[in-house]
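All residue numbers for the sequence shown refer to UniProt numbering, where the first residue is 1 and numbers rise by one. Here the structure comes first, spelled out in structure tokens, and everything after it is commentary.
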Amino acid sequence: MQKTGNLKLIQELNRSIILRTIRHYGPISRSEIAKKNKISPTTVTAAVKELICQGLVYEDGVGVSTGGRKPVLVRFSSDSKFIIAVAITNSSIKIAEMNLEAKVRRQKIFPVYNLTGKLVIDYLLKSIGQFLEEYSDLTKCIGISIISPGIIDVDKGIIYENTKLKLKNIPLKEMLEKQFKLKTWLENDANAIALAENDLEHIENLKI
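In structure tokens, the structure reads:
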């Protein structure tokens with residue numbers, strides 16, 4: 001059982017490395033991916049096939065031959081899926097659709113006015129609901145990523161305290177997942193900036 005688990009972990013790690021390489025260096029051939037990462041060509045071929053099936057990468061022309069057939073190049077498909085990004089501030093709720101390269105495709109800003117406590121949460125849920133109403137299909141949506149100032153439990157998805165908005169012990173992750181049926185992540189706003197600067201590696205490691 002442990003060997004099976006270890007094998008799956010290695011496969012997921014290789015997949016993440018290969019996807020990152022395609023993002024940074026694409027269009028790139030499978031053989032070049034194998035060389036850059038010292039991963040066997042067989043492993044690369046299998047991982048790329050899986051990524052193509054998931055719509056995360058696609059074949060895009062051929063490269064220069066060094067002898068034999070010209071290599072087929074693969075490229076990252078940044079618009080294959082999207083994420084709903086929500087930023088809670090003391091004055092507004094900003095909601096955006098972002099592709100896998102963190103490019104904003106659509107955005108709306110909802111003023112918070114003087115709302116605090118439960119009224120802010122009700123308003124947040126209503127605002128996200130309004131934003132999502134414009135989608136006829138959410139199958140390509142990875143989930144909802146929320147950032148908020150205050151004391152946050154990232155693992156449990158709870159806002160323990162936000163003094164400005166008078167929020168305390170709010171299980172926001174659970175509330176959103178229950179209402180919208182989308183995987184949700186909650187992060188402190190300062191930490192989220194650090195994540196964004198880390199070149200979206202959190203997206204590369206998602207179970208998409």
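We put the CB at the ideal spot given by N, CA and C, even for glycine.
{"Query": "Take THR184 and list the residues in its own chain whose beta-carbon comes closer than 8 angstroms to its own, dropping the five residues that flank it on each side.", "Result": "GLY143, ILE144, SER145, ILE146, GLY157, LEU172, LYS173, LEU176 and GLU177"}
{"Query": "Just the Cα atoms here: how many angstroms apart are ILE10 and LYS49?", "Result": "17 angstroms"}
{"Query": "Among the residues of its own chain, which have a CB less than 8 angstroms from the CB of ASN90, if the five just before and after it don't count?", "Result": "VAL112, PRO149, LYS164 and LEU165"}
{"Query": "Where GLY55 and VAL86 are concerned, what is the direct C-alpha to C-alpha distance, given to the nearest angstrom?", "Result": "25 angstroms"}
{"Query": "What are the boundary residues of the beta strand (DSSP E) that ASN99 is part of?", "Result": "92 to 99"}
{"Query": "With 16 other CB atoms within 10 Å as the buried threshold, where does SER77 fall?", "Result": "buried"}
{"Query": "Examine the Cβ distances between the region 120 to 132 and the region 62 to 82 and report whether three or more of them are shorter than 8 angstroms.", "Result": "no"}
{"Query": "Whose C-beta lies closer than 6 angstroms to the C-beta of ILE151 among residues of the same chain, with five residues either side of it excluded?", "Result": "TYR160 and GLU161"}
{"Query": "Tell me the residue span of the beta strand (DSSP E) that contains LEU125.", "Result": "Unbroken run through LEU125 is the alpha helix (DSSP H), 118 to 132; no beta strand (DSSP E)."}
{"Query": "Between VAL74 and ILE28, how many whole angstroms is the CB-CB distance? I'm expecting something under 8 angstroms.", "Result": "6 angstroms"}
{"Query": "Per DSSP, what kind of secondary structure is SER29 in: helix, strand or coil?", "Result": "strand"}
{"Query": "Can you give, in chain order, each stretch of the alpha helix (DSSP H) that sits fully within the region 124 to 185 and has at least 4 residues?", "Result": "172 to 180"}
{"Query": "Taking just the CA atoms, how far does VAL120 sit from SER96?", "Result": "In the sequence as presented, Ser is not what sits at residue 96; that position holds Ala. Roughly 18 angstroms between the two C-alpha positions."}
{"Query": "Could you tell me whether the Cβ atoms of ALA34 and PRO41 are closer together than 8 angstroms?", "Result": "yes"}
{"Query": "Could you spell out where the beta strand (DSSP E) holding ALA102 opens and where it closes?", "Result": "Where ALA102 is concerned, there is no enclosing beta strand (DSSP E), given that its DSSP letter is neither H nor E."}
{"Query": "Can you tell me whether VAL57 is buried or exposed, with buried defined as 16 or more other CB within 10 angstroms of its CB?", "Result": "buried"}
{"Query": "What's the gap between the Cα of THR139 and the Cα of ASP155?", "Result": "24 angstroms"}
{"Query": "With respect to the beta strand (DSSP E) encompassing ILE83, which residues constitute its N-terminal and C-terminal limits?", "Result": "82 to 88"}
{"Query": "Is it buried or exposed for LYS103, if we count other Cβ within 10 angstroms and need 16 for buried?", "Result": "exposed"}
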